[in-house]
Amino acid sequence: MHDHDQRFKLLIKEFFLEFLMLFFAVWAERLDCANIEWLDKELFLNPPDGNRTILDLVAKVRARQEIPNYTPNDANAWLALLNIEIESPDKAAPLRPRMFRSYTELRKQHGLPVLPIAIFLKVGLDGIGIDVYEEYFWELPQAI
0 MHDHDQRFKL LIKEFFLEFL MLFFAVWAER LDCANIEWLD KELFLNPPDG
50 NRTILDLVAK VRARQEIPNY TPNDANAWLA LLNIEIESPD KAAPLRPRMF
100 RSYTELRKQH GLPVLPIAIF LKVGLDGIGI DVYEEYFWEL PQAI
């Protein structure tokens, strides 16, 4: 782990609401950042023999409003996960499939909606933006 990774993790944990306000203002209003539960960052893909992955930050956050597509009586209707990865390599491409695998595993383990966030320290990507990871089988997009 690089020193800057650890510093960014500490900063984001300490100033989580401010981080969201800066980059995701609408989401910051939807989420209750006063009581964040920082989850175990270790994921086991395809247990018992699968690879182990360590995520940078995973926050379990209460929503201030009901999350669409969840039943109001569902105890999880007001919870969400934020997976934040801090990347220093100068390419975004290697992170995309890794983020997708983390997303699907977090969804499977917790049954909650997941907002994956990547912070690239050396990649421009036109500043702040939304990126999409898609896989194709020839011309057909693969919906998973």
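Numbers 0 to 143, taken from numbering that gives the first Met the number 0, label the letters of the sequence shown in order.
Glycine included, each C-beta is placed from N, C-alpha and C at the ideal position.
Where DSSP assigns a beta bridge to residue i, which residues make up the other side?
i      : result
Ala58  : Trp37 and Leu81
Val113 : Leu80
Thr52  : Leu42
Leu16  : Paired residues: none, contrary to the question.
Pro96  : Partner(s): none; Pro96 has no beta bridge.
Glu65  : Note: Glu65 sits in no beta bridge, so no partner.
Asp31  : Arg61
Ile118 : Ile85
Leu139 : Phe136
I'd like to know whether the C-beta atoms of residue i and residue j end up nearer to each other than 8 Å.
i      : j      : result
Trp77  : Arg61  : yes
Pro96  : Lys121 : no
Ile118 : Ile83  : yes
Asn75  : Gly110 : yes
Leu21  : Ala58  : no
Tyr102 : Pro112 : no
Tyr135 : Gln141 : yes
Ile35  : Phe14  : no
Output yes if chain B places a C-beta closer than 8 Å to the C-beta of residue i; else output no.
i     : result
Ile53 : Absence of chain B from the displayed structure is noted, only one protein chain being present.
Excluding the 5 residues preceding and the 5 following residue i in the sequence, name in chain order all residues of the same chain whose CB lies nearer than 8 Å to its CB.
i     : result
Leu44 : Asn50, Arg51, Thr52, Arg100 and Glu104
Trp26 : Leu19 and Leu114
Asp48 : none
By Cβ distance below 6 Å, which residues in the same chain neighbour residue i in space, the five residues on each side in sequence not counted?
i     : result
Ile85 : Asp4, Phe7, Asp55 and Ile118
Asp31 : Arg61 and Arg63
Since residue i and residue j should fall inside the 8 Å C-beta cutoff, what is the C-beta to C-beta distance between them, to a whole number of angstroms?
i     : j      : result
Ala91 : Asp130 : 7 Å
Report all residues from its chain with a CB closer than 7 Å to the CB of residue i; omit the five preceding and five following residues, and keep chain order.
i      : result
Glu41  : Arg51 and Ile53
Arg106 : Val113
Ile11  : Phe18, Leu56 and Ile83
Tyr69  : Asn75 and Ala76
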